């Protein structure tokens, strides 16, 4: 029998060295447990490990064979390969040497440098290579059942979830595209942008303190048009639609998952029982770890999490400061293009910088989250994974979104007014919004981050293992040529080539699948939370995911070592994380429409202050005069003493400028807020409350309307229970008759 469950790899240590003694002790422990061990020497030492059959028989007896329904069970094992690998992995990880060291400690001390199950030439794998892990199958259905047979339930559920998510993203992508196209076609017909384009004698206040000229509102005509392309009535509808979409997606996923899991006989599977069984098989004297909870420890961890969040928010502040200083430097630059586009350039370079901080902080966040998990001392592996998931998602969320939250809700609202600006370090003015609104800044930032995340990150994720694979293949070739020259060489061990080729594949660890999930969940946040500002997000995500599925498939089947299969009947804590994002999406989109977009001020103007209302004239567009109404007047003599004010505007006929306009609702005499400001403020709050309540109600109705478990699944369980009970009863009656 030449099937080996696991391969352990070790460097060749000097005879009698500490490492060699430790390695020998560990392998002796395995031999005591009845493991067969085979050694092959190359540049490294390879140890093939095969578990004795009685281990699997014990497992089947203890758990009344949970895998009773066949799942490519080997004839002589009577137990699926995936379960077999899982049990052997557990025993390897929990075997103790006399010095109380486990494999994990030995790997840290470099006694062993790798352990992995082998990619076998099973029919499941060949099927996956031909029908799944190929680019040309990009639009085909995934063979979830086969994935489960080869990689275990957890990986199969990930792909089932990703496929379902992508499938429903298609619908959101189409709606988003329609909304965006509507924005582009309704582009020029907006009264607001028309007014900005015609305002060739509205003089605006300078954008910075030194050397910045007064400017005409009509100079920013293009910007105003782009803003209206994103910020129109269709966007409000789309934000509402995406909030509902998020709920429906999760409800339908619960049904889909129930359908997938029924056929696996795992619906009522108990993870704790399985873990206890494996512990006992490994060591009969094992005592289970008790559940523990310490309020003191939880408090410490909570405080540390808050400190980390504060650091992440601090980084967002640093990005704000960068943009403010960049803006000041760009406006003083010698290049005409940079001077004119200073604001857009500052936002764009800020977005690229934000992407770089995301990449760096992702690594830091992982270290911190792992450290916090070790402090918590979770009882089981799955509990540890759940704790880790919640922490790292929280950190990643703040890393990705704190800068966007600032742009959406604070930019241009906390910067004071001419004559009394809020300054950083008493020197640099905070940024302002364009007179047509802040939503374009949010659009640019989101577009750049999503594009970079999806292109660069995916390319790196795929190219690194691919390049490594190619390099190893190249290195292996010369050997065969030498043999053909007729040199004598002893017969190669058939295992050697297989073990070597598996060793040369990219490493996988317990977090390999976790990383894929995290990436998708962060992407899900981008497509739902600020989607009002970026209607193309679902489309970008949809295109990315079509590739992502095949990327992950090719990586798992061809470029990486085989993952240790894990059992699961659910995507675990990720479901709660997705539900939380769904609620954040309602709040986020409500806030974007109420606060970031110009939707509310324009509506308030239309129904209270517009010519339609005041003069009852229906002939004009109701938003006529809105721009003039939304700009306040500032007297030049009130500028701060150290501001260098240019006296004249080039090409502007007329006398010296006495006053300029800025975007706010303030009185001209004492610069206090006008009645309109409070009117709009009240309307924003009212809209926010209304939007959130309506959206949450619809979410609740959708959740109630779509049952979590399809009737067919319930009926199947009913039939199964019924037939089992009937069988038992008839057996009893038969035995009493006899």
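In this note's numbering, the protein residues as written are 901 to 1638. Quick reminder that beta carbons are idealized off the backbone N, C-alpha and C, glycines included. No experiment lies behind these values; they were computed from the predicted model shown.
| Check | Outcome |
| --- | --- |
| Under a three-way DSSP split, which group does residue 1387 fall into? | Below a pLDDT of 50, predicted positions are generally treated as unreliable, and residue 1387, at 45, falls in that range; no measurement from the model is reported. |
| What residue range is occupied by the uninterrupted alpha helix (DSSP H) comprising residue 1282? | 1281-1309 |
| In terms of DSSP beta bridges, what is residue 1061 paired with? | Partner(s): none; residue 1061 has no beta bridge. |
| With a cut-off of 8 Å, do at least 3 Cβ pairs link the stretch 1048-1066 to the stretch 1081-1091? | no |
| Just to confirm my understanding: we take residue 1014, look at its own chain, exclude 5 residues before and 5 after, and list those with CB closer than 6 Å. What are they? | 909 |
| Name the one or two DSSP bridge partners that residue 1534 has. | 1560 |
| Report the rounded CA-to-CA distance for residue 1018 versus residue 1413, giving the unit in angstroms. | 18 Å |
| What number of angstroms, rounded off, separates the C-alpha of residue 1107 from the C-alpha of residue 1516? | 38 Å |
| In this structure, what does DSSP give as the bridge partners for residue 910? | 945 |
| Could you tell me the distance, in whole angstroms, from the CA atom of residue 904 to the CA atom of residue 1044? | 26 Å |
| Give the straight-line distance between the Cα atoms of residue 963 and residue 1602, rounded to the nearest whole angstrom. | 39 Å |
| So who's on the other strand from residue 1104, going by DSSP bridges? | 1115, 1561 |
| Near residue 1228, which residues of its chain fall below 7 Å by C-beta distance, leaving aside the five closest residues on each side in sequence? | 1108, 1328 |
| Determine the direct distance from the alpha carbon of residue 955 to that of residue 1356, and round the result to whole angstroms. | 46 Å |
| DSSP on residue 938, reduced to helix/strand/coil? | strand |
| With respect to the alpha helix (DSSP H) encompassing residue 1480, which residues constitute its N-terminal and C-terminal limits? | 1474-1491 |
| Buried or exposed: residue 1451, going by 16 or more other Cβ atoms within 10 Å of its Cβ? | buried |
| For the beta strand (DSSP E) that contains residue 1430, what are its first and last residues? | Where residue 1430 is concerned, there is no enclosing beta strand (DSSP E), given that its DSSP letter is neither H nor E. |
| So is residue 1221 buried or exposed if we call it buried at 16+ other beta carbons inside 10 Å? | exposed |
| According to DSSP, is residue 1637 part of a helix, a strand, or is it coil? | helix |
| So, helix, strand or coil for residue 969, using DSSP? | Bear in mind that the predicted position of residue 969 carries a pLDDT of just 45, short of 50, making it unreliable; the figure below should be weighed with that in mind. The answer is coil: DSSP assigns residue 969 none of H, G, I, E or B. |
| Please name the residue, chosen from 1564, 1393, 1590, that lies closest to residue 1578 on a Cα-to-Cα basis. | 1564 |
| Quick one: residues in its chain with C-beta nearer than 6 Å to the C-beta of residue 1373, no 5 flanking neighbours on either side, listed in chain order? | none |
| Can you tell me whether residue 947 is buried or exposed, with buried defined as 16 or more other CB within 10 angstroms of its CB? | buried |
| Please classify residue 1464 as buried or exposed, where buried requires at least 16 other C-beta atoms within 10 Å of its C-beta. | buried |
| So, do the stretch 1072-1079 and the stretch 1296-1306 have three or more beta carbon pairs nearer to each other than 8 Å? | no |
| According to DSSP, simplified to helix, strand and coil, what is residue 1014? | strand |
| Tell whether a beta-carbon distance below 7 Å holds between residue 1426 and residue 1437. | yes |
| The alpha helix (DSSP H) spanning residue 1191 covers which residue range? | Element bounds for residue 1191: n/a, residue is neither H nor E. |
| What are the boundary residues of the alpha helix (DSSP H) that includes residue 954? | 953-962 |
| In terms of alpha-carbon separation, which member of 1158, 1540, 1282 lies closest to residue 1317? | 1540 |
| In whole angstroms, what separates the C-alpha of residue 1397 from that of residue 983? | 25 Å |
| Does residue 979 come out as helix, strand or coil in the three-state DSSP assignment? | coil |
| Along the chain, where does the alpha helix (DSSP H) that runs through residue 1402 open and close? | 1394-1403 |
| Please classify residue 1389: is it buried, with 16 or more other beta-carbons within 10 angstroms of its beta-carbon, or exposed? | No answer about residue 1389 holds up, because its pLDDT of 48 lies below 50 and its placement is not dependable. |
| For residue 1346, which residues of its own chain have a beta-carbon under 8 Å away from its beta-carbon, when the five flanking residues on both sides are left out? | 1304, 1426, 1430, 1433, 1434, 1437 |
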